[in-house]
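See structure below.
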Ligand code: GRF
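Numbering (my numbering), first residue to last: 52 to 251.
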């Protein structure tokens with residue numbers, strides 16, 4: 052299965068995908084795309100000899116139209132958003148319906164939407180006094196964090212004393228959940244039945 056990973060930051064989820072034993076021989080990370088000219092995830096891509104592209108309007112960037120051509124030429128099966136902060140344009144969302152997934156560091160539909168990314172999410176969870184958090188992998192639609200939920204993992208945060216502890220526990224769970232979901236995609240075991248996403 053050919054995947055492409057979209058990133059904006061450090062790339063620990065990209066690294067988890069590349070190092071996953073579960074995914075060995077099942078997926079091919081064809082390229083990494085960012086809205087930044089430089090980011091930690093690009094360093095990881097380069098170390099693994101994976102092509103990188105920056106999408107946007109600045110010099111040195113490609114347009115979303117160029118990107119759509121690249122997706123076709125790479126024969127992409129699944130687009131993975133792993134910390135990508137921009138919205139995906141509607142024409143790509145409709146061309147890749149139920150083929151774009153995002154990982155969000157909280158249990159959606161709570162603590163999602165515009166502005167709720169990175170530490171903002173964990174601070175909001177902390178301030179709510181919630182006792183559980185955890186990553187959500189969901190399909191991507193045209194708005195932030197509203198697509199159908201594919202998989203979630205609960206993490207106990209009842210004893211935390213600061214948002215950074217929530218972030219660390221959730222990230223550890225992300226690094227397992229995203230490879231797990233991709234392995235199920237590669238095995239053709241993700242189906243939509245009666246508007247619910249089923250994994251078998
Ligand atoms: C992760 O917490 C992910 O859930 C969120 O952005 C963060 C990306 O981290 N969407 P990394 O770049 O994969 O380390």
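Even for Gly, the Cβ is constructed at its ideal location relative to N, Cα and C.
Since we're looking at a predicted model, the values are computed, not measured.
Shortest Cα-Cα distance from residue 91 to any of 171, 232, 62 involves 62.
Beta-bridge pairing by DSSP links residue 82 to 55, 102. Here the alpha carbon of residue 113 sits roughly 43 Å from the alpha carbon of residue 180.
Residues with their Cβ less than 5 Å from any non-hydrogen atom of the ligand GRF, running along the chain, are 60, 61, 62, 63, 64, 133, 134, 154, 156. In the DSSP assignment, residue 61 falls outside any beta strand (DSSP E) and carries neither an H nor an E. In the displayed model, residue 232 falls within a helix according to three-state DSSP. The beta carbon of residue 229 lies closer than 8 Å to those of 64, 67, 68, 131, 133, 154, 186, 188 in the same chain, with the five residues before and after it left out.
The region 133-143 makes contact with the region 115-122: 3 or more CB pairs, one atom from each, lie closer than 8 Å. In the three-state reduction of the DSSP assignment, residue 117 falls in the helix class.
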